[in-house]
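>
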Amino acid sequence: MTTGPHGRELAVAPGDTSTVRSIPLVPAGDQTVDGLPVQEWQASEIAADGAPAVTLEQLLGMTGGRLPVGLAAARTPGPFLGQWTTTTAYTVLTEGDSVVSAHATSNRTALLTGGGLSGAKTVSLGALPTDWSTSDTEDHATAAAIVASHRNRGESQLWRVWLPLVLACFALAGAISAIISMRSDARAEQERNASDSESHRQGKVAVS
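This note's numbering puts the first residue of the sequence shown at 1, with every later residue one more than the last.
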């Protein structure tokens with residue numbers, strides 16, 4: 001997760017290459033993962049890939065052995081001319097700059113002609129084998145680590161900032177209490193001295 005010229009971007013490196021692609025993301029709301037508030041980001045890419053000609057066997061390989069609806073080996077044996085469209089949707093959950101969860105899901109469609117078809121036909125070929133996702137175990141572990149980091153940072157701030165402030169307040173309160181006590185003792189001493197002086201004057205007897 002990076003910040004690029006267009007805002008937040010997801011850096012993706014396909015497994016078969018060292019090239020890193022940056023995919024611009026747009027905010028898509030807020031969620032929570034294990035009690036951790038996270039922000040959801042999304043992106044979508046559309047690509048026109050695939051060979052211009054495709055056989056029935058190749059279509060079977062793309063769909064896991066099932067023919068797309070509307071095709072039959074006897075009636076539409078192929079080969080076909082194809083116009084391909086692949087849409088890949090990215091969903092990323094983040095907390096700050098940390099990626100908590102991410103996945104990419106795709107859907108490929110082909111506009112087929114020829115091969116026994118009476119006209120153009122759009123068929124869905126499902127997802128690409130390059131789809132990927134972070135595992136649930138990784139997601140929970142990342143969320144737990146972020147929560148623990150926030151807790152440790154809060155405790156560190158308590159010891160580093162708030163505790164010295166509390167101790168300083170106690171020290172100030174103690175100093176003020178000592179000053180008040182000293183003033184009270186001084187006032188009491190003055191009153192005691194005044195009382196002794198008055199008693200001494202009253203105790204004197206005039207002699208003539």
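Where a beta carbon is used, it is the ideal one built from N, C-alpha and C, also for glycine.
Bear in mind that the values here come from a model prediction, so they are computed numbers and not experimental data.
Could you check how far apart the C-beta atoms of H103 and S135 are, in whole angstroms? I think they sit under 8 Å.
H103 to S135, Cβ: 10 Å. No contact.
> Sorted by chain position, which residues of the same chain lie with C-beta nearer than 8 Å to M1's C-beta, five sequence neighbours on each side aside?
R8, E9, L10, A11, V92, T94, D97, S98 and V99, listed in sequence order.
> Measure from the alpha carbon of G61 to the alpha carbon of each residue in I146, V166 and P129, then state which is nearest.
Closest option to G61, Cα to Cα, is P129.
> If you draw a straight line from the C-alpha of T88 to the C-alpha of A43, how long is it?
Distance between the alpha carbons of T88 and A43 is about 8 Å.
> Could you give the first and the last residue of the continuous beta strand (DSSP E) run that contains L125?
Element bounds for L125: K121 to G126.
> With a threshold of 16 other CB atoms inside 10 Å of the CB of P216, please say whether the residue is buried or exposed.
Absent from the structure is residue 216, since the part of the chain shown begins at 1 and ends at 208.
> Where A173 and S149 are concerned, what is the direct C-alpha to C-alpha distance, given to the nearest angstrom?
Spanning the two alpha carbons is a distance of roughly 35 Å.
> For F80, write down the residues that DSSP places opposite it in a beta bridge.
BP columns for F80 point to V54.
> Could you tell me how far apart the beta carbons of T137 and R108 are, in whole angstroms, since I believe they sit closer than 8 Å?
Rounded, the Cβ-Cβ distance is 29 Å, inconsistent with contact.
> Would you identify the three-state DSSP class for P5, choosing helix, strand or coil?
P5: coil per DSSP, three-state reduction.
> So, at 6 Å on beta carbons, what are the nonlocal neighbours of T142 in its own chain, with the 5 sequence-adjacent residues on each side left out?
So the list reads V100, once near-sequence residues are dropped.
> Quick one: what's got a C-beta closer than 8 Å to W144's C-beta in the same chain, skipping five residues either side?
Position check: residue 144 holds Ala in this sequence, whereas Trp was assumed. Result list for A144: D34, in chain order.
> If you measure between the beta carbons of W84 and A48, is that distance less than 8 Å?
Yes; because the gap between Cβ atoms is below 8 Å, this pair is in contact.
> Considering only the alpha carbon of each residue, which of G50, W41, Y90 and S124 lies closest to G82?
Residue G50 is the option with its Cα nearest to G82.
> Relative to the C-alpha of L56, which candidate in H140, A73 and T19 has its C-alpha closest?
Comparing Cα positions, the closest option is A73.
> Would you identify the three-state DSSP class for L10, choosing helix, strand or coil?
L10: strand per DSSP, three-state reduction.
> To the nearest angstrom, how far is the alpha carbon of V54 from that of Y90?
Using only the alpha carbons, I get a separation of about 28 Å.
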